[in-house]
């Protein structure tokens with residue numbers, strides 16, 4: 006998901022994504038790119054040593070990363086970041102911004118991820134393009150394994166109210182490939198995948214199967230540089246929080262709802278289906294209010 010000048014002003018994170026996307030990067034280089042995107046405002050002012058510490062890699066890895074992007078070395082890359090206006094010095098922290106404990110810090114980190122997502126959504130074209138592809142698929146398989154199963158299940162629950170044939174796939178095992186092949190045989194043209202760390206090995210196998218079946222793979226992942234990127238026809242990034250014992254995924258959930266909203270506009274009869282569901286729920290006294 007890349008913001009463009011045609012869509013109006015874009016922020017520093019979007020400009021960094023635009024610079025990095027389209028390059029074949031190793032896992033270590035993806036880690037560096039991800040760290041720079043997440044710290045976009047200060048990225049043009051960091052030394053190679055500071056970038057290495059930020060990403061948890063060696064300093065030579067940062068140099069190799071710059072070369073992989075086509076620069077003579079890291080100083081040339083940093084110069085490019087400054088010329089792009091990819092960042093500016095962070096504003097001084099006010100007393101009200103002080104974090105008193107790790108729980109507050111985790112919440113504030115999630116807020117930052119949501120702001121980053123809002124910045125990327127300044128260019129709505131990728132989401133709208135994905136929504137058109139997903140809405141046209143009959144059936145539409147929705148895949149999410151392990152940590153991503155909750156995201157897939159939540160999306161599928163609401164999507165089933167407006168899409169005529171949603172097929173949730175949230176468990177792995179030997180039946181996984183069978184279910185993808187069955188969906189393709191039934192007429193599916195696309196697969197929506199939610200992929201969050203840590204990425205199951207069988208998820209990669211499943212995406213390979215999906216592509217072999219001719220399905221267009223659209224993935225919501227925690228980073229544009231996630232391992233699933235190479236098996237995705239389109240990847241929409243939304244960062245996860247890592248400040249607690251277990252990752253938090255508010256931004257991926259929000260992106261899924263945004264995608265579903267866009268799909269509603271592409272699905273004929275979506276409003277009528279929603280009204281029918283509401284009338285049935287009222288007649289059965291399904292909800293307390």
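Numbering (the working numbering), first residue to last: 6 to 294.
C-beta: ideal position from N, C-alpha, C; glycine also.
When the five nearest sequence neighbours on each side are left out, the beta carbons in the same chain lying within less than 7 Å of the beta carbon of residue 119 are those of 255, 256 and 259, in order along the chain. Shown here, residue 258 sits in a helix according to DSSP, grouped into three states. Within the model, the alpha-carbon separation for residue 209 versus residue 236 is close to 8 Å. Restricting attention to alpha helix (DSSP H) runs no shorter than 4 residues, the region 122-204 encloses them at 130-140, 154-164 and 181-190, ordered along the chain. If you check the CB distance, residue 145 and residue 193 come in under 8 Å.
For residue 241, the uninterrupted beta strand (DSSP E) segment begins and ends at 239-242.
In the structure shown, residue 233 adopts helical secondary structure according to DSSP, grouped into three states. In the DSSP assignment, residue 247 is bridged to no other residue. A distance of 8 Å or more separates the beta carbons of residue 244 and residue 108.
In this structure, residue 221 keeps its C-beta atom at 8 Å or more from the C-beta atom of residue 112.
Minimum Cα-Cα distance from residue 116 among the listed residues 179, 67, 218 and 247 corresponds to 247. With respect to the 8 Å criterion, residue 275 and residue 167 are classified as neighbours on the basis of their beta carbons.
Residue 62 sits in coil when the DSSP states are folded into three classes, being neither helix nor strand.
By the criterion of at least three beta-carbon pairs nearer than 8 Å, the region 226-233 is not in contact with the region 69-88. By the neighbour-count definition (other C-beta atoms within 10 Å, threshold 16), residue 266 is an exposed residue.
According to the DSSP secondary-structure assignment, residue 222 is paired through a beta bridge with 196.
In the DSSP assignment, residue 76 falls outside any alpha helix (DSSP H), carrying neither H nor E. At least 8 Å separates the beta-carbon of residue 41 from that of residue 73. With a cutoff of 8 Å on beta-carbon distance, residue 261 and residue 159 are scored as near each other.
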